[in-house]
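*Asks:* Encoded as structure tokens, here's the structure I'll be asking about.
Number of protein chains: 2
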Amino acid sequence: MTEQIPDIVISRLPVYLRELTRLAEEEGKVNTSSHELGQRLGISSAQIRKDLSHFGEFGKQGTGYHIGYLIDQLREILHLTQEWQVALVGAGYLGHALAHYQGFEHRGFHIAWVFDNDPAKINEEIDGLIVRDVADMDEVLAESGVKMAILVVPASAAQAITDQLVAAGVCAILSYAPIHLKVPAGVHVSYSDPVVQLQRMTFYL
Amino acid sequence: MTEQIPDIVISRLPVYLRELTRLAEEEGKVNTSSHELGQRLGISSAQIRKDLSHFGEFGKQGTGYHIGYLIDQLREILHLTQEWQVALVGAGYLGHALAHYQGFEHRGFHIAWVFDNDPAKINEEIDGLIVRDVADMDEVLAESGVKMAILVVPASAAQAITDQLVAAGVCAILSYAPIHLKVPAGVHVSYSDPVVQLQRMTFYL
């Protein structure tokens, strides 16, 4: 693929995929249109057609999109035809919630390891996963070849753990720590901070 | 304020505020520059100066920004000089994690109510908060005048709860439910879906 596709376009594809899956699995629909999808997502139909046009021709004038086909195509584009193994670092309240979360399976991800440094948590079982000592993390991750991690540690520990993850070969991190992480080029970080999200809304209140 | 400030600019202000607070409270710094702030956040100094220029002149050529002053200004711009009361709907694993999260206080928010519909959870205490019956939510919220809510319910329940929240006067919702919510104009929704965030990264792997 020679064309450089804007990040903002990529960021919408998982939302399209999620809504298409809902249409197919929960509503039993077979076809949809950019108009219907746009209405459901609060996005203009022109935007959806433009976003998808970066990757090919998925719809037909008049009949719209075949949902199953478009789902398959989006899963290929987003590299979700394989299941990604994910390491979860941090077994506090939020780490527990993520380890228990049923929404990863069937959407391309499987939490395969949980690490913590708290002796009270090490060897604890969470939903079939045994919490491992973070001291063993380098070795476990290097052997596993894992590429993705979810970081649920205090801000004060987040950069050091990130450095360890990157050294072990992780190149995509979803971080819940309320701090900006420094990573080398080629490593992707996505952030989730509920306070930042709330503060973005209070501006408008 | 007559100028329409782009959403993307607003979305960066909480990140600036978070990093400035870190500089002041954890590193004891008094002054900073757009260059230093940009380096720490992986954002260009020109971008930071341009973002802040929408709101006034906060720095001085040569000496940069007085951190305490800029923090105060950002808190005013983002309407964080008051503490916002927040209703949390859903007391599952993630709801528990959010109810326990210490990061809301001192950053402008206080979870004041927790609701659930599960008899096993109603009346449970989470960190000093008693889980209330969601059947009482309309009344409690209308009396309280609360404007903000965090939604941690299954996708299947999210729209109905959203409609209730909006009817009770809530106009800003942070939703962890993996579904797009329909809300009337003037109501703000921010989404957090770990799978969407992970899928945005697998494209690049």
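Chains as they are written, first to last, in this note's numbering: chain H, 1 to 205; chain G, 1 to 205. Backbone N, C-alpha and C fix where the C-beta goes; we use that ideal spot for every residue, glycine too. Computed from a prediction, not measured in an experiment: that's the story for all the values here.
1. Taking C-alpha atoms, which residue in Gln4/G, His100/G, Val183/G and Pro178/G lies nearest to Val170/G?
2. For Leu174/H versus Leu151/H, is the C-beta distance shorter than 8 Å?
3. Can you check whether the CB of Ala112/G is closer than 8 Å to the CB of Gln73/G?
4. Within 10 Å of its beta-carbon, does Thr81/H have 16 or more other beta-carbons around it, so buried, or fewer, so exposed?
5. Return the residue from the list Val30/H, Asp133/H, Val131/H and Pro194/H that minimises the CA-CA distance to Gly64/H.
6. If contact means a Cβ-Cβ distance below 9 Å, which residues of the region 94–116 of chain G contact chain H?
7. Residues of chain G with a CB under 7 Å from the CB of Tyr204/H: which are they?
8. Determine contact between the region 5–17 of chain G and the region 42–57 of chain G, defined as no fewer than three beta-carbon pairs at a distance below 8 Å.
9. With DSSP as the reference, identify every bridge partner of Thr32/G, one or two as the case may be.
10. When you compare the CB of Ala91/G with every CB in chain H, is at least one pair closer than 8 Å?
11. Ile161/G lies in the beta strand (DSSP E); which residues open and close that run?
12. Could you list the residues in the region 36–60 of chain G with a C-beta less than 7 Å from some C-beta on chain H, going in chain order?
13. Taking Cβ to Cβ, would you say Val134/G is nearer than 8 Å to Phe115/G?
14. Output yes if chain H places a C-beta closer than 8 Å to the C-beta of Arg200/G; else output no.
15. Counting contacts by CB-CB distance shorter than 8 Å, is Lys29/G in contact with chain H?
16. Whole angstroms is fine: what's the gap from Val15/H's alpha carbon to Arg200/G's?
17. So which residues of chain G does Ile206/H contact, with C-beta pairs closer than 8 Å?
18. Got a sec? Which residues, its chain only, sit under 6 Å from His35/G by beta carbon, not counting five neighbours each side?
19. If you scan the region 60–127 of chain H from start to end, which runs of the alpha helix (DSSP H) of 4 or more residues do you find wholly inside it?
20. Under the three-state reduction of DSSP, which class applies to Tyr16/H: helix, strand or coil?
21. Please tell me whether Lys147/G has its Cβ less than 8 Å away from any Cβ of chain H.
22. Between which two residues does the alpha helix (DSSP H) holding Leu174/G run?
23. As a quick exercise: from Val196/H, Leu198/H and His180/H, pick the residue whose alpha carbon is nearest that of Ile43/G.
24. Tell me, which residues are paired with Asp133/G by DSSP?
25. Starting from Leu151/G, follow its DSSP beta bridges and name the residues at the other end.
26. Per DSSP, Val189/H forms a beta bridge with which residues?
27. Is DSSP giving Val140/G helix, strand or coil here?
28. Can you check whether the CB of Leu41/H is closer than 8 Å to the CB of Glu27/H?
*Replies:* Looking at the atomic coordinates:
1. Start at 1 with the first residue of the second sequence, and residue 170/G comes out as number 170. Nearest option by C-alpha distance: Val183/G.
2. The count along the first sequence starts at 1 and reaches residue 174/H at position 174. The count along the first sequence starts at 1 and reaches residue 151/H at position 151. A contact, by the Cβ cut-off of 8 Å.
3. Along the second sequence, read from residue 1 onward, the residue named residue 73/G stands at position 73. Along the second sequence, read from residue 1 onward, the residue named residue 112/G stands at position 112. For Gln73/G and Ala112/G, no; Cβs fall outside 8 Å.
4. In the first sequence, counting from the first residue as 1, residue 81/H sits at position 81. Its Cβ having fewer than 16 others within 10 Å, Thr81/H is exposed.
5. The residue you call residue 64/H lines up with position 64 of the first sequence. Nearest of Val30/H, Asp133/H, Val131/H and Pro194/H to Gly64/H, Cα basis: Val30/H.
6. Leu94, Gly95, His96, Ala97, Leu98, Ala99, His100, Tyr101, Gly103, Phe104, Arg107, Gly108 and Phe109
7. Position 204 of the first sequence, counting from 1, holds the residue named residue 204/H. Those are His188, listed as they occur along chain G.
8. yes
9. Mapped onto the second sequence, residue 32/G falls at position 32. Beta-bridge pairing links Thr32/G to Tyr65/G.
10. Taking the second sequence and counting its residues from 1, one reaches residue 91/G at position 91. So, not an interface residue.
11. For the purposes of this step, residue 161/G is identified with residue 161 of the second sequence, where counting begins at 1. Premise fails: Ile161/G lies in the alpha helix (DSSP H), Ala155 to Ala167, not in any beta strand (DSSP E).
12. Arg40, Leu41 and Gly42
13. Residue 134/G sits at position 134 when you count from the first residue of the second sequence. Residue 115/G sits at position 115 when you count from the first residue of the second sequence. Result yes, Cβ atoms of Val134/G and Phe115/G sit closer than 8 Å.
14. Taking the second sequence and counting its residues from 1, one reaches residue 200/G at position 200. At least one chain H Cβ lies under 8 Å of Arg200/G.
15. What you label residue 29/G is simply residue 29 of the second sequence in a count that begins at 1. Taking Cβ atoms only, chain H never reaches closer than 8 Å to Lys29/G, which makes this a no.
16. Counted from its first residue, the first sequence places residue 15/H at position 15. Counted from its first residue, the second sequence places residue 200/G at position 200. If I take the Cα positions, the gap works out to 10 Å.
17. Nothing can be reported for residue 206/H, as the shown portion of chain H is limited to 1 through 205.
18. Residue 35/G sits at position 35 when you count from the first residue of the second sequence. If we look at His35/G and ignore the five residues flanking it on each side, its Cβ neighbours are Ser45.
19. 67–77 and 93–100
20. Along the first sequence, read from residue 1 onward, the residue named residue 16/H stands at position 16. Reduced to three states, the DSSP call for Tyr16/H is helix.
21. In the second sequence, the residue the question calls residue 147/G occupies position 147. Closer than 8 Å to some Cβ of chain H, the Cβ of Lys147/G qualifies, so yes.
22. Working through the second sequence from its first residue, we reach residue 174/G at position 174. It is not in any alpha helix (DSSP H) - Leu174/G instead sits in the beta strand (DSSP E) that spans Ala172 to Ser175.
23. On the second sequence, residue 43/G is found 43 positions in, with the first residue counted as 1. For the residues Val196/H, Leu198/H and His180/H, the minimum Cα distance to Ile43/G belongs to His180/H.
24. For this step, residue 133/G is matched to residue 133 along the second sequence. Asp133/G pairs with Asp116/G.
25. Along the second sequence, one-based indexing puts residue 151/G at 151. For Leu151/G, which the question treats as bridged, DSSP gives the partners Val89/G and Ser175/G.
26. Walking along the first sequence from the start, residue 189/H turns up at place 189. Bridge partners of Val189/H: Ile173/H.
27. In the second sequence, residue 140/G corresponds to position 140, counting from 1. Helix.
28. Here the question's residue 27/H lines up with position 27 in the first sequence. Here the question's residue 41/H lines up with position 41 in the first sequence. Cβ distance not < 8 Å, so Glu27/H and Leu41/H don't count as in contact.
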